[in-house]
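First the structure, in the form of structure tokens, and then the observations on it.
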Amino acid sequence: MSDPSKLAAVVKARCPQCHEGRIFTHKWWNLLKFSEMHEHCPSCGLRYEVEPGFFFGAMYISYAFTVGIMIVGGIIIYNFFGDPSAEGYIIPITLVSLLMVPFNFRMARVLFIHLFSMVKYKSDAAGTASTK
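So the sequence shown is residues 2 to 133, counted in my numbering.
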């Protein structure tokens with residue numbers, strides 16, 4: 002990866018150690034397999050799940066994303082559609098929240114592993130997976 006920044010690694014869902022290996026096995030738009038992760042980084046061999054149940058904490062980040070989507074959706078509906086009835090809020094906000102599930106799930110896990118795994122970036126880590 003030409004850009005070793007943490008932000009670029011988070012946005013591209015890359016390994017926190019080498020910023021090269023993909024965290025997920027499939028693209029986000031593959032709705033049947035969007036949640037499947039590599040057990041180890043394909044580039045450096047880092048084990049992504051630091052301990053059993055590590056990613057339970059990512060649920061809090063996903064919850065925050067969902068609440069943010071609901072608040073912004075409510076504000077947009079109120080300002081642009083003139084305070085409709087309850088169904089005018091519930092239906093579009095629920096649909097948008099459901100459509101955002103793959104994004105929320107993946108970004109919550111990526112942010113969680115980058116922020117809380119205590120793994121530091123190593124510029125020489127890429128390409129060492131085959132030697133482990």
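All C-beta atoms, glycine included, are put in the ideal place defined by N, C-alpha and C. Values in this document were obtained by computation on a predicted structure and should not be read as measured data.
Query: Could you check what DSSP says for H41 in three-state terms: helix, strand or coil?; Result: strand
Query: Decide yes or no for the touch test of the segment 32 to 52 against the segment 87 to 99: beta carbon pairs closer than 8 Å, at least 3 of them.; Result: no
Query: Which residues in the same chain as H115 place their Cβ atom closer than 6 Å to its Cβ, once the five residues preceding and following it in sequence are excluded?; Result: V11, P17
Query: Could you compute how far the alpha carbon of S111 sits from the alpha carbon of L47?; Result: The sequence given here places Val at residue 111; Ser does not occur at that position. Each residue's Cα considered, the two are about 14 Å apart.
Query: Which one of E21, I94, F117, M101 has the shortest CA to CA distance from Y1?; Result: What the structure shows of the chain is the stretch from 2 to 133, and residue 1 is not part of that stretch, so it cannot be assessed.
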